[in-house]
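Visitor: Have a look at this one before I ask anything.
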Amino acid sequence: MRFLDEIFGSKTVTPDRFPHAEKDIPPGPDGALQTAVLGGGCFWCTEAVYLQLDGVEKVVSGYAGGDASTADYQTVCTGMTKHAEVVEVTFDPRKITYGEILKVFFAIAHDPTQLNRQGNDVGPQYRSAIFYADLEQKAVAEAYIRQVSEAKVFDQPVVTTLEPLDEFFPGEAYHQNYAANNPFQPYIAYFAAPKVEKVKKAYAGRLKAE
């Protein structure tokens, strides 16, 4: 069983078991958009989840953690670049907050108990990571990881890393909106589609208008 856990991660956990973020970032007086950069395995799946939510203005798949010279898909796939596959989520904090973005990240977008992998996608480029833009984001992320850990939501430890965001590098054009553009691709049908259905069910009242 331990071997299977290492491949597939912790047992399935329903989103309603996850705590609401006690620490969060309020909207600014000007209502400016905010961004979150998150690594949760293959960016196709993570992007597909966040695109469903009201208040999310834009999601861009890309890379973070390494430098510009290695920020391309083929090089990142070697696992030797320090990059992680990430999504940059731009959102309206008056509709969805950074803390809520993190809750979706842990509850639906990926399994934060898998070290340097998500399922059959193996390597440090698939690591669970939150790239914080400032100390406020870092503090909120630290607090939420602590909440999830103390709530014992998972049967294995959370291994999500907190890393300073030096720069986000957008991915190649063909990676953008990949799940929506390729709904019958086997990887999308098997991995991304169930996550999309999960977020639609858990956040039925907070989805974008069709």
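Here my numbering is used: the first residue of the sequence shown is 10, the next is one more, and so on.
Virtual Cβ for every residue (Gly too), placed ideally from N, Cα, C.
Going by DSSP, what residue range makes up the alpha helix (DSSP H) through residue 108?
Guide: Translated into positions along the sequence shown, residue 108 becomes position 99. Taken as a continuous stretch (DSSP letters only), the alpha helix (DSSP H) holding residue 108 covers 107 to 113.
Visitor: In three-state terms, what does DSSP make of residue 24?
Guide: As a working mapping, residue 24 is identified with position 15 in the sequence shown. Helix, per DSSP.
Visitor: Taking the CB atoms as reference points, tell me whether residue 99 and residue 66 lie closer together than 7 Å.
Guide: One-based indexing of the sequence shown puts residue 99 at position 90. One-based indexing of the sequence shown puts residue 66 at position 57. A contact, by the Cβ cut-off of 7 Å.
Visitor: Does the segment 132 to 150 come into contact with the segment 172 to 190, if we say contact requires no fewer than three beta-carbon pairs (one atom in each stretch) closer than 8 Å?
Guide: As far as the Cβ criterion goes, the segment 132 to 150 touches the segment 172 to 190, which means the pair count is three or higher.
Visitor: Relative to the C-alpha of residue 54, which residue among 83, 194, 217, 212 is closest?
Guide: To locate residue 54, count along the sequence shown from 1; it is residue 45. Considering only alpha carbons, the answer is 194.
Visitor: Does residue 43 come out as helix, strand or coil in the three-state DSSP assignment?
Guide: Here the question's residue 43 lines up with position 34 in the sequence shown. Three-state result, residue 43: strand.
Visitor: With DSSP as the reference, label residue 180 as helix, strand or coil.
Guide: Within the sequence shown, numbered from 1, the residue matching residue 180 stands at position 171. Coil, per DSSP.
Visitor: Assign residue 146 to one of three DSSP states: helix, strand, or coil.
Guide: Locating residue 146 in the sequence shown gives position 137, counting from the first residue. Correct three-state label for residue 146: helix.
Visitor: Can you have a look at residue 69 and say buried or exposed, based on whether 16 or more other CB atoms are within 10 angstroms of its CB?
Guide: Along the sequence shown, read from residue 1 onward, the residue named residue 69 stands at position 60. So residue 69 ends up on the buried side.
Visitor: Please give me, in chain order, every unbroken run of the beta strand (DSSP E) with length at least 3 that falls completely inside the segment 73 to 144.
Guide: Counting whole runs of 3 or more residues, the segment 73 to 144 contains the beta strand (DSSP E) stretches 93 to 100, 137 to 141.
Visitor: Is DSSP giving residue 48 helix, strand or coil here?
Guide: For the purposes of this step, residue 48 is taken as residue 39 along the sequence shown, with counting starting at 1. Residue state, collapsed to three classes: strand.
Visitor: Can you tell me whether DSSP reads residue 58 as helix, strand or coil?
Guide: Counting from one through the sequence shown, the residue named residue 58 turns up at place 49. In this structure, residue 58 counts as helix in the three-state DSSP scheme.
Visitor: Evaluate contact between the segment 20 to 38 and the segment 84 to 100, counting only Cβ atoms and requiring at least three cross-stretch pairs below 8 Å.
Guide: The segment 20 to 38 is not in contact with the segment 84 to 100.
Visitor: How would you label residue 206, buried or exposed, when you count the other beta carbons within 10 angstroms and need 16 or more for buried?
Guide: Numbered from 1 along the sequence shown, position 197 holds the residue referred to as residue 206. Per the 10 Å Cβ criterion, exposed.
Visitor: What is the rounded straight-line gap between the Cα of residue 185 and the Cα of residue 38?
Guide: Taking the sequence shown and counting its residues from 1, one reaches residue 185 at position 176. Taking the sequence shown and counting its residues from 1, one reaches residue 38 at position 29. Each residue's alpha carbon lies about 32 Å from the other.
Visitor: Once DSSP output is grouped into helix, strand and coil, what is the label at residue 71?
Guide: Within the sequence shown, numbered from 1, the residue matching residue 71 stands at position 62. Residue 71: strand per DSSP, three-state reduction.
Visitor: Among 84, 106, 71, 33, which one has its Cα closest to the Cα of residue 215?
Guide: Translated into the one-based positions of the sequence shown, residue 215 becomes position 206. Per the Cα distances, 106.
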